[in-house]
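Trainee: One structure is given below, represented as structure tokens, and several questions about it will come after.
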């Protein structure tokens, strides 16, 4: 991939990541990159979206602890 194409790909991924955050999808850059690559290979985006919705969400233990502490202080 030439440098200009690589830069454009990084910018596109960053834009997709920003939209993902606005929509609160919980998807990280790596996951988005994989999904974009699968779409580029011809997989149906709607089918991929359905699969992603069915995947369990795993949070980092630190995030879980912070969420639990937040709930405890709200009570």
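Numbering (full-length UniProt numbering), first residue to last: 1 to 75. For glycine and all other residues, C-beta sits at the position ideal for the given N, C-alpha and C. What you are looking at is a predicted structure, and each value in this text was computed from that prediction instead of being measured.
Should residue 41 be labelled buried (16 or more other beta-carbon atoms within 10 Å of its own) or exposed?
Mentor: Label assigned to residue 41: exposed.
Trainee: Please name the residue in 44, 33, 38 and 6 whose C-alpha comes closest to that of residue 18.
Mentor: Taking only the C-alpha atoms, the option nearest residue 18 is 33.
Trainee: Helix or strand or just coil, what does DSSP make of residue 31?
Mentor: Residue 31: helix per DSSP, three-state reduction.
Trainee: In this structure, does DSSP put residue 21 in helix, strand or coil?
Mentor: If DSSP states are grouped into helix, strand and coil, residue 21 belongs with the helices.
Trainee: Nearest by alpha-carbon distance to residue 30: which of 16, 43, 24 and 23 is it?
Mentor: Residue 16 is the option with its Cα nearest to residue 30.
Trainee: Work out the CA separation of residue 6 and residue 27 for me, nearest whole Å.
Mentor: Distance between the alpha carbons of residue 27 and residue 6 is about 22 Å.
Trainee: Exposed or buried, residue 35, counting other C-beta atoms within 10 Å across all chains shown (16 or more means buried)?
Mentor: Residue 35 should be labelled buried.
Trainee: When you compare only the Cα positions, how much space is there between residue 20 and residue 55?
Mentor: One C-alpha to the other measures close to 16 Å.
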